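In this note's numbering, the protein residues as written are 576 to 974.
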């Protein structure tokens, strides 16, 4: 056998990290990187957070897995806490965001089935969406690059343009069951859905008897400065998928639902082997301990403003590199004036980690625990990276 034994499905940066400290990652060679990628919005409380480490190690010494054949007290507690802090009455725990979305889609279809309308199984989605990598969620996302080569697209999804609510209304048929949308698109390029659009979608769902599903896998759990991004719009869904930040680095997700939306999810119709295991629940509860602490989300909003204002200054200084700043909370995007891959590498050369996204954008997704000093440090590194690229443009023009 030659080369790696791994599937070659990832184009990896030539970096291997040994450990992390707060917002910093340290390579196996001892080099320190300021991490504004956050494991793609996963490491919501940074690295080696003492409360998370304590919760995980304490639970690891007691019990890892028993399956959902038995009561799991930590699961009941986390479910109740999520319900108390949100629109939801019921929670189903999963291992990932894609599984949480699968659960939401199945729940919506099952709702109409038990209401006597099995023909209502279709879901309306939006261009630029990313809902996961399963066969159903790549069909929901609708992006050709993810669908190519995997056979016929799973039926049941009708896509319209980003924020085209008129088109969404026209797409509603007697077979429509739900509308699925990310309040802030992550992979799609940090594109925020306007408040008025979310309100109109809620009205359309109420008018036509549809379920409204929010995908907050990336934008939820404090990322925008509120526990969930849709709170900014004052609009509540019937179903919501969360993951990433809720586990603080431990793989877990959840599908949240109202009692009415979950009416069809009775014993035996859905399940999971690992979802909601004691280890995941211990970490999820520990994350909520921190994020729901008084003043925590207010501080996220304050730090987000500091970062966004600083980024605007860098964009003004280097318009040939950064066109504009977009996003909300600590979910910000740099719309690039050159290929975002070049900018990502330039920032990595400054030992700052970021995440590329669609629409030629770079995502900044630091831990919610990032300090003011680290924000200032990141801004200096972004400025240095942008300057190196701007200088290269000038040098090339002079030749």
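Idealized CB from N, CA, C, for every residue including glycine. Computed from a prediction, not measured in an experiment: that's the story for all the values here.
To the nearest angstrom, how far is it from the Cα of residue 635 to the Cα of residue 933? Their backbone Cα atoms lie some 38 Å apart in a straight line.
May I ask you to list the residues that DSSP assigns as paired with residue 899? In the DSSP output, where bridge partners are listed per residue, residue 899 has 910.
Give every residue of the same chain whose Cβ lies closer than 7 Å to the Cβ of residue 797, excluding the five residues on either side of it in the sequence, and list them in chain order. 619, 820, 866, 872, 875 and 943
Starting from residue 951 and walking both ways along the alpha helix (DSSP H), at which residues does that stretch end? Start and end: 947 to 973.
So the alpha helix (DSSP H) residue 686 belongs to, where does it begin and stop? Residue 686 -> alpha helix (DSSP H) spans 672 to 689.
Does DSSP classify residue 627 as helix, strand or coil? Here residue 627 carries a helix assignment [DSSP, helix/strand/coil].
What do you get for residue 623, buried or exposed, if any count of 16 or more other CB atoms within 10 angstroms of its CB means buried? exposed
Integer-rounded CB distance, given that residue 792 should sit under 8 Å from residue 672: 3 Å
Could you pull out every residue in the same chain whose Cβ sits closer than 6 Å to the Cβ of residue 722, ignoring the five residues on either side in sequence? 713 and 728
Indicate the three-state DSSP secondary structure (helix, strand or coil) for residue 601 in the structure shown. Looking at residue 601 - three-state DSSP - the assignment turns out to be strand.
Quick one: give me the first and last residue of the alpha helix (DSSP H) that residue 882 is part of. From DSSP, the alpha helix (DSSP H) with residue 882 extends over 871 to 892.
Pull up the distance between the alpha-carbon of residue 778 and that of residue 740, whole angstroms please. 11 Å
Just to confirm before moving on: does the CB-CB distance between residue 855 and residue 827 stay below 7 Å? yes
One question on the structure: do residue 562 and residue 923 come within less than 7 Å of each other, judged by their Cβ atoms? Lying outside 576 to 974, the shown extent of the chain, residue 562 is not represented and no answer is given.
Terminal residues of the alpha helix (DSSP H) in which residue 713 lies: The continuous alpha helix (DSSP H) containing residue 713 extends over residues 710 to 716.
Cut-off 6 Å between Cβ atoms - residues of its own chain near residue 849, not counting five sequence neighbours on either side: 670
Figure out for me which residue from 810, 641, 808 and 789 has the closest Cα to the Cα of residue 829. 789
Are the Cβ atoms of residue 703 and residue 795 separated by less than 7 Å? no
Between which residues of its own chain and residue 928 is the CB-CB distance below 8 Å, once the five residues before and five after are set aside? 600, 608, 609, 610, 611, 612 and 922
Using the rule of at least 16 other Cβ atoms within 10 Å of the residue's Cβ for burial, across every protein chain shown, is residue 687 buried or exposed? buried
Give, in chain order, every unbroken run of the alpha helix (DSSP H) that is at least 4 residues long and sits entirely within the segment 629 to 673. Runs of the alpha helix (DSSP H) inside the segment 629 to 673: 648 to 659.
So what does DSSP say about residue 799, is it helix, strand or coil? coil
Give me the Cα-Cα distance between residue 735 and residue 756, rounded to the nearest whole angstrom. Between the alpha carbons of residue 735 and residue 756 lies a distance of about 11 Å.
State the beta-bridge partners of residue 701 as determined by DSSP. 735
Run the CB neighbour count on residue 648, radius 10 Å, all protein chains shown included, and call it buried at 16 or more, exposed below. exposed
When 616, 605, 955 and 580 are compared against residue 822, the one with the closest alpha-carbon: 616
Is the segment 576 to 588 in contact with the segment 780 to 789, if contact means three or more CB pairs nearer than 8 Å? no
Contacts around residue 949, its chain only, beta-carbon distance under 7 Å, and the 5 residues preceding and following it disregarded: 598 and 609
I'd like to know whether the C-beta atoms of residue 936 and residue 917 end up nearer to each other than 7 Å. Result no, Cβ atoms of residue 936 and residue 917 do not sit closer than 7 Å.
Rounded distance between the beta-carbons of residue 896 and residue 913, thought under 8 Å: Residue 896 and residue 913 do touch by the CB rule: their CB atoms are close to 6 Å apart, below 8 Å.
Can you give me the C-alpha to C-alpha distance between residue 824 and residue 879, rounded to a whole angstrom? 21 Å
Residues that DSSP places opposite residue 591 in a beta bridge: In the DSSP assignment, residue 591 forms no beta bridge with any residue.
Leaving out the 5 sequence neighbours to the left and right, which residues in its chain are closer than 6 Å to residue 667 when beta-carbon positions are compared? 678 and 830
If you follow the beta strand (DSSP E) that residue 610 is part of, which residue opens it and which one closes it? 607 to 610
Contact check, residue 813 vs residue 772, beta carbons under 7 Å: no
Using 7 Å as the threshold, is the C-beta distance between residue 784 and residue 904 below it? no
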